[in-house]
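Report on the structure given below.
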Amino acid sequence: MPPAKQDRPLLFCSLIAAVFIILIGIDRISPAVLPKDSYFYHPWEYMMGSFRYNIPRTNEKMELTGYGDLANMLGVPGYQVLRKFVWTNDRYGKRNSSVTQHETPAVVVVGDSFMVSAANSDEESFVTQLQTHTDASVYGYVPADMSVFLHDLRFQEDPPEVVLWGRVERNTLGSNGEIETILKDTSCFTEISEWNRMEKTSKDTVKALIGGFTEYAQLSILRRTMQQSLRHMLYAWTGQHTKNVLLVPGETMLFHDRGAAVLSSPGKERGFSAVADAVAHVRNCLKARGTRLIFMSIPDKEHIYASRLGREVPTPDPLLVLEQELDNRKVQYVSLVKRFQEESTPGKDLLYWLDDTHWNARGIGVAVEEVIKKLEE
Numbered sequence: 048m049p050p051a052k053q054d055r056p057l058l059f060c061s062l063i064a065a066v067f068i069i070l071i072g073i074d075r076i077s078p079a080v081l082p083k084d085s086y087f088y089h090p091w092e093y094m095m096g097s098f099r100y101n102i103p104r105t106n107e108k109m110e111l112t113g114y115g116d117l118a119n120m121l122g123v124p125g126y127q128v129l130r131k132f133v134w135t136n137d138r139y140g141k142r143n144s145s146v147t148q149h150e151t152p153a154v155v156v157v158g159d160s161f162m163v164s165a166a167n168s169d170e171e172s173f174v175t176q177l178q179t180h181t182d183a184s185v186y187g188y189v190p191a192d193m194s195v196f197l198h199d200l201r202f203q204e205d206p207p208e209v210v211l212w213g214r215v216e217r218n219t220l221g222s223n224g225e226i227e228t229i230l231k232d233t234s235c236f237t238e239i240s241e242w243n244r245m246e247k248t249s250k251d252t253v254k255a256l257i258g259g260f261t262e263y264a265q266l267s268i269l270r271r272t273m274q275q276s277l278r279h280m281l282y283a284w285t286g287q288h289t290k291n292v293l294l295v296p297g298e299t300m301l302f303h304d305r306g307a308a309v310l311s312s313p314g315k316e317r318g319f320s321a322v323a324d325a326v327a328h329v330r331n332c333l334k335a336r337g338t339r340l341i342f343m344s345i346p347d348k349e350h351i352y353a354s355r356l357g358r359e360v361p362t363p364d365p366l367l368v369l370e371q372e373l374d375n376r377k378v379q380y381v382s383l384v385k386r387f388q389e390e391s392t393p394g395k396d397l398l399y400w401l402d403d404t405h406w407n408a409r410g411i412g413v414a415v416e417e418v419i420k421k422l423e424e
């Protein structure tokens with residue numbers, strides 16, 4: 048009589064369950080023991096609270112080795128340009144190194160991720176470089192929308208002499224949400240009740256209290272590793288990759304699909320009249336406080352390196368069309384596009400990172416030179 052076949056489904060299921068429990072345990076312990084480099088490709092997400100309701104960290108410095116946002120989206124290590132980051136947030140949650148943490152600054156920089164210098168270390172940031180080239184005290188109210196700056200009581204009570212407002216080209220469109228918000232304003236963002244301010248402060252306090260747990264719950268070393276590995280394998284086996292990143296055969300520079308889409312749009316289709324109206328409104332609001340506004344539109348990487356993308360910039364240059372609209376409204380601005388085009392010819396060092404949408408230290412330095420000229424006028 049043959050021996051009975053041993054059936055051990057319970058043991059098999061127990062082993063599978065044990066593996067899953069161990070993996071989950073490793074995944075949950077990892078945020079407390081692994082370096083931040085394991086989860087973040089550069090400091091922006093961590094320092095500005097991307098996983099904790101966008102409540103930025105305060106009085107904190109972060110150091111890590113990272114790479115660019117386009118390389119992160121692509122997930123192919125060969126395109127990563129590794130570099131060391133130092134990122135410091137002040138007590139207000141704004142990015143400022145020790146040399147720019149002024150309480151009553153003469154010059155305040157307001158703007159998006161370009162003005163915060165998301166792809167650069169503290170010593171290379173726009174605010175720090177500007178401070179090293181002027182005797183006036185410089186402060187970075189970055190990152191922030193202009194509407195947020197205008198209703199901040201801190202700078203209503205102690206207005207600076209100059210506000211430099213910078214926006215990257217792809218965010219300088221008539222359809223942009225911030226531009227639309229400014230155009231709807233009728234009070235220079237001062238008609239905000241004390242109750243509304245208290246309500247916002249209370250909400251932010253609650254978010255900050257539970258933000259750490261929320262961030263911890265979202266961080267997953269297994270998900271991060273698998274996501275990047277799958278992107279790399281897909282690219283290696285099929286050549287396919289995320290549509291957000293544009294690859295040009297034989298080209299080491301990565302491009303962003305949104306920047307390329309904006310490049311295809313001529314100036315007359317970008318709603319620059321509305322943009323100029325919004326900037327003029329901000330100019331008038333600040334003028335009433337005794338503050339001078341200087342606006343700066345930063346060219347997209349795809350605009351300056353259009354030839355490397357195999358494209359051409361529309362004629363007339365869209366940013367020159369915007370500048371004409373600003374001239375018509377007598378708005379003071381810093382013009383970068385011609386200078387950047389001159390500085391981006393073959394043989395010259397790059398103005399933007401190969402693996403990132405943002406400008407590098409040299410690009411920031413060139414922009415700072417133009418800003419200093421305008422400040423001295």
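For the sequence shown, position 149 (counting from the first letter as 1) is numbered 196 according to the numbering used here, and the numbering increases by one without interruption. Every residue gets a Cβ at the ideal spot worked out from N, C-alpha and C, and that includes glycine. Predicted model only: the values in this text are computed from it and were never measured.
What whole-angstrom Cβ distance do residue i and residue j have, given they're in contact under 8 Å?
i	j	result
L310	V368	Their Cβ separation, rounded to whole angstroms, is 14 Å, which puts L310 and V368 out of contact at 8 Å.
H288	L121	6 Å
Y88	N136	In fact, because the Cβ distance is near 18 Å, the residues do not count as touching under 8 Å.
G213	F260	Wrong, their Cβ atoms sit about 35 Å apart, outside the cutoff.
K141	V189	6 Å
R217	G306	6 Å
R339	E238	The pair is not a contact, with the Cβ atoms about 24 Å apart (cut-off 8 Å).
V295	R355	7 Å
F132	S172	Not really, about 11 Å apart at Cβ, beyond 8 Å.
Buried or exposed, going by whether 16 or more other CB atoms sit within 10 Å of the CB of residue i?
i	result
N375	exposed
A325	buried
A353	buried
G113	buried
A264	exposed
W459	An answer regarding residue 459 cannot be provided, because it is not within the stretch 48 to 424 covered by the chain.
Q371	exposed
D396	exposed
C332	buried
F319	buried
I229	buried
P313	exposed
E262	buried
K348	buried
T392	exposed
V66	exposed
S427	Missing from the structure shown is residue 427; the chain here goes from 48 to 424 and no further.
L398	buried
T404	buried
F59	exposed
L293	buried
I226	buried
Excluding the 5 residues preceding and the 5 following residue i in the sequence, name in chain order all residues of the same chain whose CB lies nearer than 6 Å to its CB.
i	result
G96	I102 and P103
S77	I268
G221	G318, A321 and V322
Can you name, in chain order, every residue of its own chain whose Cβ lies under 7 Å from the Cβ of residue i, other than the five neighbours on each side?
i	result
Q275	G122
M109	K83, P90, Y93, M94 and W134
G412	Q176
L366	E216, S344, P346 and V384
W400	G115, V128, A166 and N407
Q148	D137
G337	P206
A251	A small correction: the amino acid at residue 251 is Asp; Ala does not occupy that position in the sequence shown. Result list for D251: I102, in chain order.
Using CA atoms only, rank isn't needed, just tell me which of the options is closest to residue i.
i	options	result
N106	R409, Y139 and A79	Y139
V157	T175, M193 and Q176	M193
I345	R336, T179, T392 and Q388	Q388
H198	G224, N167 and T233	T233
G297	C60, D116, I73 and Y126	Y126
L117	N291, G318, A308 and F67	N291
R271	S85, T228 and K254	S85
R278	K377, P124, A327 and L301	P124
D402	M300, D364 and E424	M300
L266	S61, S249 and V80	V80
E316	G337, G394, T362 and A335	T362
A308	G337, H350 and M273	H350
R409	R336, E390 and K247	E390
A191	E225, T179 and D159	D159
V174	V146, T151 and F196	V146
K334	C235, K247 and L256	C235
S144	T151, V253 and Q178	Q178
D74	E170, E150 and M273	M273
E219	V195, R55 and L373	Just to set this straight, residue 219 is Thr in the shown sequence, not Glu. It is L373.
E328	S61, K231 and N223	Reading off the sequence, residue 328 comes out as His, not Glu. Comparing Cα positions, the closest option is K231.
V195	R244, T151 and E150	R244
Given residue i, which residues of its chain have a CB within under 8 Å of its CB, disregarding the five upstream and five downstream residues?
i	result
T181	V154, I419 and L422
I341	V209, V210, L211, W212, Q379, Y380, V381, V418, K421 and L422
Contact the segment 371–388 vs the segment 101–115: 3+ CB pairs below 8 Å: no
Answer yes if the segment 276–296 comes into contact with the segment 180–198, meaning at least three C-beta pairs across the two stretches below 8 Å, and no otherwise. No: fewer than three Cβ pairs fall under 8 Å.
Decide yes or no for the touch test of the segment 156–176 against the segment 198–205: beta carbon pairs closer than 8 Å, at least 3 of them. These segments do not touch.
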